[in-house]
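Only one structure is covered here, and it is reproduced in the block below.
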Amino acid sequence: MSVLAFDTAAPRYPRGLAAAILLAASAAIAGALLAASHPSPAWQWLHWLGKPLATVLIFVLAWQSRPAQSPRYRRLVLAGIACSLLGDVLLMLPGDLFVPGLLAFLCGHLCFIAAFTGDCRFAARPWLLLATLGFGAVNMVLLWGAIGPALRIPVIVYVVVLASMGGQALVRARVLAQRGDPQAPAARLAALGGLTFMLSDCLLAWNRFDGPLPWSSLWVLAAYYLALWWIARSVQRVEPSIEKEAAK
Numbered sequence: 004m005s006v007l008a009f010d011t012a013a014p015r016y017p018r019g020l021a022a023a024i025l026l027a028a029s030a031a032i033a034g035a036l037l038a039a040s041h042p043s044p045a046w047q048w049l050h051w052l053g054k055p056l057a058t059v060l061i062f063v064l065a066w067q068s069r070p071a072q073s074p075r076y077r078r079l080v081l082a083g084i085a086c087s088l089l090g091d092v093l094l095m096l097p098g099d100l101f102v103p104g105l106l107a108f109l110c111g112h113l114c115f116i117a118a119f120t121g122d123c124r125f126a127a128r129p130w131l132l133l134a135t136l137g138f139g140a141v142n143m144v145l146l147w148g149a150i151g152p153a154l155r156i157p158v159i160v161y162v163v164v165l166a167s168m169g170g171q172a173l174v175r176a177r178v179l180a181q182r183g184d185p186q187a188p189a190a191r192l193a194a195l196g197g198l199t200f201m202l203s204d205c206l207l208a209w210n211r212f213d214g215p216l217p218w219s220s221l222w223v224l225a226a227y228y229l230a231l232w233w234i235a236r237s238v239q240r241v242e243p244s245i246e247k248e249a250a251k
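With the numbering used here as the guide, the letters of the sequence shown map in order to residues 4 to 251.
Below, the structure written as C-alpha cells:
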C-alpha cells in the first residue's frame, strides 16, 4: 500500500552559502558598529562592502533554490530582494537619499505581497492583517511628532505597505496550514521573514526619528538579514514523499 506523506521540515539550504551570508552580514554589522565608535575609513568600507554583499548572497540563495514553489513565486521574491539591495545602496550613498531608499524598499514589499497572494487570497484572514496594520499605526502615532512634515506622507504609505506585507505573510501561513497544504512549512518561513522585516524597520524608525538606540546597527541589520534569509528560504518547494508499506 502506498501512503502519500509530506515532509514537514523547513526546506534545506546550502551550508557553504549560508556561511558566506553570515560572514558578509557580520562584516556589515561590525563595520557599522566600529565606524560609529572608532571613526575610520577602513571600518566604513567594511560596512559598505559587507552590507550589499550579504543581500546579493541572499539573492543567490533564492535563485538557487530548486525546485521552487513556482516560477512566479521565485521571480517575485527575487524582485523583492533586488529592490532591497537597491535600497541598501541608496541609503549608503552620500547625501540624504532616505525617500528614494524608502521607495526602493516599498517596491520590494509590493513584490513580496504579490508573491504571498499567488496561492492565497489577500486578507483571507482579516484579523491577522488588521493586527499588523494596528502595530504599524501605534508606532506611527508614537513617532508622529518626531517625523518631519515633508516625510509624513511617504512614511505613512510605507508603513501601510510594510504592515500589509507582514500581515499577508501571516495570513498565507495560516491558510496553508489550515488546509494541510504541503507548502505550509515554507509559508511559515515567509511569515517569519515578513514579521522580522517589520521589526527591523520599526527599530530603524525609532532610531532615526526618536533618537539613537544602543547598538542600533546590530539589532536593525541582524533583523533585516534574518528577514531576507527566511523569505529567500521560502522559495524552495516542499516535496511530497511516497512511503510504501506492505499490505497486510
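Just so it is clear, CB atoms sit at the ideal spot from N, CA and C, and this is done for glycine as well.
- Put simply, the backbone Cα of Leu198 is about 15 Å away from that of Ala118.
- Shown here for Leu79: same chain residues with a beta carbon closer than 6 Å to its own, the five before and five after excluded, namely Cys114, Ala117, Ala118 in chain order.
- Put simply, of Asp122, Leu173, Met201 the residue whose alpha carbon is nearest the alpha carbon of Leu192 is Leu173.
- In the three-state DSSP reduction, Gln47 falls in the helix class (H, G or I).
- The residue from Phe212, Ala23, Tyr76 with its alpha-carbon nearest to that of Gln186 is Tyr76.
- In the structure shown, the three-state DSSP call for Gln67 is helix.
- Shown here, Gln239 sits in a strand according to DSSP, grouped into three states.
- Contact between Leu132 and Gln171 holds, with the beta-carbon distance rounding to 7 Å and staying under 8 Å.
- In the structure shown, the three-state DSSP call for Arg182 is coil.
- DSSP places Trp130 inside the alpha helix (DSSP H), whose first and last residues are 129-146.
- Note that the C-beta distance between Leu56 and Ala27 is below 8 Å.
- A straight-line Cα-Cα distance of about 7 Å links Asp204 and Val223.
- Trp218 sits in coil when the DSSP states are folded into three classes, being neither helix nor strand.
- The closest CA to that of Ile32, considering only Met168, Leu229, Gly148, is found on Leu229.
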